[in-house]
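Participant: First residue of the sequence shown? That's 213 in the working numbering, and the numbers climb one at a time after it.
Backbone N, C-alpha and C fix where the C-beta goes; we use that ideal spot for every residue, glycine too.
Since this is a predicted model, take the numbers as computed values, not measurements.
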Amino acid sequence: MYTVIGAVKSRAFRVMWMLEELGLSYEHSPAAPRSEEAMKYNPTGKVPAMKDGDDVLTDSVAIMQYLADKHGQLTAPAGTPARAHQDASLFWLIDEFDAVLWAAAKHSFVFPKDQRVPEIKDSLKAEFLRSADLLSARLNGPFLMGDQITVPDLLAVHCINWSIGAGFPRVDNKLNLWAKEMRERPAFKAAQSRAD
Ligand SMILES: N[C@@H](CCC(=O)N[C@@H](CS)C(=O)NCC(=O)O)C(=O)O
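1. Check this for me: beta carbons of TRP374 and LEU313, under 8 Å apart or not?
2. Residues in its own chain within less than 7 Å of SER301 by CB, not counting five upstream and five downstream?
3. Rounded to the nearest angstrom, how far is the Cβ of THR362 from that of ALA288, given a contact under 8 Å?
4. Exposed or buried, which one is MET213 when buried takes at least 16 other CB atoms within 10 Å?
5. Take LEU341 as the anchor and find which of GLN360, ASP310 and SER247 has the nearest alpha-carbon.
6. Hey, would you say the C-beta of ARG295 is under 7 Å away from at least one heavy atom of ligand 1?
7. Whose C-alpha, out of LYS401, SER405, ALA344 and GLU248, is nearest the C-alpha of PRO381?
8. Cβ-heavy atom distance between ASP271 and ligand 1 below 7 Å?
9. Nearer than 7 Å: is that true of the beta carbon of SER375 relative to any heavy atom of ligand 1?
10. Does the beta-carbon distance from ALA316 to ALA378 come in below 8 Å?
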């Protein structure tokens with residue numbers, strides 16, 4: 213049995229969505245970041261974490277890829293060129309989407325007030341939009357890697373949703389429609405319905 217630690221409105225959602233895509237059951241502990249509960253599983257206080265039996269795994273992307281590998285779905289097999297392309301796409305999204313949104317969050321509410329530099333946010337928004345345009349141009353099939361849904365799709369859509377919540381500029385029509393379709397997936401909706 214898997215247990216996901218982290219609120220739905222955190223990166224824990226990515227792990228829950230992956231579990232739903234794989235058709236696996238799981239328990240959910242909606243711990244807030246830096247809470248006592250979160251610290252029990254990750255000394256940094258970051259969420260998500262996921263319990264798999266006695267193992268406690270951390271980092272949303274590491275956990276999504278672990279689940280995909282373990283269950284042999286939503287991923288190209290390790291050690292193939294297709295997997296290297298998929299990983300490149302994943303790491304690019306971490307650099308250019310997740311890290312940019314996270315930097316904006318740090319300067320909005322994560323850092324102590326006296327360490328925030330709100331002026332940086334305009335530059336981050338412009339950077340995000342440039343990356344979103346690149347992603348849109350790369351999207352040439354139903355999914356980022358072609359015909360099959362893979363881990364980068366979940367990460368990209370989660371980041372696009374996050375960008376809307378963070379008041380970032382809207383991505384172009386093509387990407388926006390794609391994200392909308394992805395949000396219609398039963399697995400996405402099932403994860404969302406596990407309200408905190
Ligand atoms: N790379 C990590 C980032 C995790 C992370 O920063 N999570 C946020 C919530 S979405 C958090 O716990 N923040 C609290 C903190 O950084 O102290 C992942 O993808 O899991």
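Facilitator: The structure says:
1. Position 162 of the sequence shown, counted from the first residue, corresponds to residue 374. Position 101 of the sequence shown, counted from the first residue, corresponds to residue 313. It is a contact, given that the beta carbons lie within the stated cut-off.
2. If you number the sequence shown from 1, residue 301 lands on position 89. Here the set comprises LEU356, MET357 and PRO364.
3. Counted from its first residue, the sequence shown places residue 362 at position 150. Counted from its first residue, the sequence shown places residue 288 at position 76. The pair is a contact, with the Cβ atoms about 7 Å apart (cut-off 8 Å).
4. The count along the sequence shown starts at 1 and reaches residue 213 at position 1. With fewer than 16 other Cβ atoms within 10 Å, it is exposed.
5. The residue given as residue 341 occupies position 129 in the sequence shown. Nearest option by C-alpha distance: ASP310.
6. Within the sequence shown, numbered from 1, the residue matching residue 295 stands at position 83. The answer is no for ARG295.
7. For the purposes of this step, residue 381 is taken as residue 169 along the sequence shown, with counting starting at 1. With distances taken between Cα atoms, PRO381 lies closest to ALA344.
8. Position 59 of the sequence shown, counted from the start, is the residue given in the question as residue 271. Shortest gap from the CB of ASP271 to any heavy atom of ligand 1: under 7 Å.
9. Counting from 1 along the sequence shown, the entry for residue 375 is found at position 163. Outside the cutoff, so no.
10. As a working note, residue 316 is residue 104 in the sequence shown. As a working note, residue 378 is residue 166 in the sequence shown. Yes. Within cutoff.
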